[in-house]
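Residue numbers (the working numbering): 342 to 576.
Note that the Cβ used here is the ideal one computed from N, Cα and C, for glycine as well.
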């Protein structure tokens, strides 16, 4: 299982956000990135740090990366085996609380390698192994999509007829509003701010006609509710 190294351009949103908030972020290697993430939101002199901010920065860093994928070692150059997220040169799934099919394939390969079982034809043909990796990657992506859709559905059901006020964090500043993340519920959504004006491109800040300003990572109080649009659409 490999995880390609993100390009510098992929980290730009994270770097710009951290720079605007005065947070040092080094993405030179996965090790320097991990060290920077550990320090994000941590207060000096042993004071209690901002755990929500630290979680938010980690969330943004994850979004900058590509997904890890299963691959056949015979189809990829050794230099591309590296797993960036785990900082490991070679990595594979082998077992977990749930038995993934990828684990089963690796178990069969190991069993054949040490002579416990005879390998099936599906383990001897490189094209068949590559095709199986493609299927595993597709199923994994589909499972993630289904999981997110399920979470969105049950979030909607939870808040239906139950308006709730909560504390959020601004994760993006747009020309006509902001995007807020609610740590308590793990949800994110846009808030339109009419007549507010956005500052220059290098400053993620938006200002109201009265002079009140909101910046990236600011805490805000928001109201969460489900709105009915038409006969069937709710958001």
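Problem - Status (buried if at least 16 other CB within 10 Å, exposed otherwise) for residue 386 - result: As a position in the chain shown, residue 386 is number 45, starting the count at 1. Note on residue 386: pLDDT 48, under 50, position unreliable in the model; the coordinate value appears next. That one is exposed.
Problem - Start-to-end residues for the beta strand (DSSP E) that takes in residue 531 - result: Here residue 531 corresponds to residue number 190 of the chain shown, with the count starting at 1. Residue 531 -> beta strand (DSSP E) spans 528-533.
Handout entry: Collapsed DSSP secondary structure at residue 434 in the structure displayed
Key = For the purposes of this step, residue 434 is taken as the residue at position 93 of the chain shown. Coil at residue 434, not helix or strand.
Handout entry: C-alpha gap between residue 411 and residue 499, whole angstroms
Key = Residue 411 sits at position 70 when you count from the first residue of the chain shown. Residue 499 sits at position 158 when you count from the first residue of the chain shown. Cα-Cα distance, rounded: 36 Å.
Practice task
Flag this pair as touching only if the stretch 347-363 and the stretch 552-563 have three or more C-beta atom pairs under 8 Å; answer yes or no.
Solution key: yes
Practice task
May I have a chain-ordered list of the alpha helix (DSSP H) segments no shorter than 4 residues that lie completely inside the stretch 389-468?
Solution key: 392-404, 442-454, 462-465
Exercise for the section: Between the Cα of residue 415 and those of 491, 469, 476, spot the shortest distance and give me the residue it belongs to. Expected result: Taking the chain shown and counting its residues from 1, the one referred to as residue 415 is at position 74. It is 469.
Handout entry: Contacting residues, own chain, Cβ-Cβ under 6 Å from residue 505 (five flanking each side not counted)
Key = Within the chain shown, numbered from 1, the residue matching residue 505 stands at position 164. These residues qualify, in order along the chain: 565.
Problem - Simplified DSSP state of residue 472, which is helix, strand or coil - result: In the chain shown, residue 472 corresponds to position 131, counting from 1. Here residue 472 sits in helix by DSSP.
Problem - Nearest-angstrom Cβ-Cβ length linking residue 509 and residue 486, presumed shorter than 8 Å - result: What you label residue 509 is simply residue 168 of the chain shown in a count that begins at 1. What you label residue 486 is simply residue 145 of the chain shown in a count that begins at 1. The pair is not a contact, with the Cβ atoms about 25 Å apart (cut-off 8 Å).
Handout entry: Identity of the residue in 447, 528, 450, 490 nearest residue 507 by Cα
Key = Counting from 1 along the chain shown, the entry for residue 507 is found at position 166. With distances taken between Cα atoms, residue 507 lies closest to 528.
Practice task
Have a look at the DSSP bridge pairing and note the partners of residue 522.
Solution key: If you number the chain shown from 1, residue 522 lands on position 181. DSSP lists 510, 529 as partners of residue 522.
Problem - residue 477 versus residue 445 - alpha carbon distance - result: Reading the chain shown from its first residue, position 136 is the one you call residue 477. Reading the chain shown from its first residue, position 104 is the one you call residue 445. Each residue's Cα considered, the two are about 12 Å apart.
Problem - Proximal residues to residue 375 (C-beta, below 6 Å), its chain only, five neighbours per side dropped - result: Here residue 375 is taken as the residue at index 34 of the chain shown, counted from 1. Cβ neighbours of residue 375 beyond the five flanking positions: none.
Problem - Per-residue DSSP class, three states only, for residue 353 - result: In the chain shown, counting from the first residue as 1, residue 353 sits at position 12. Here residue 353 sits in helix by DSSP.
Practice task
Mind checking which residues open and close the alpha helix (DSSP H) that includes residue 377?
Solution key: The residue you call residue 377 lines up with position 36 of the chain shown. Its alpha helix (DSSP H) spans residues 371-380.
Exercise for the section: Use the C-beta contact count for residue 562: other C-beta atoms within 10 angstroms, 16 or more gives buried, fewer gives exposed. Expected result: As a working note, residue 562 is residue 221 in the chain shown. Label assigned to residue 562: exposed.
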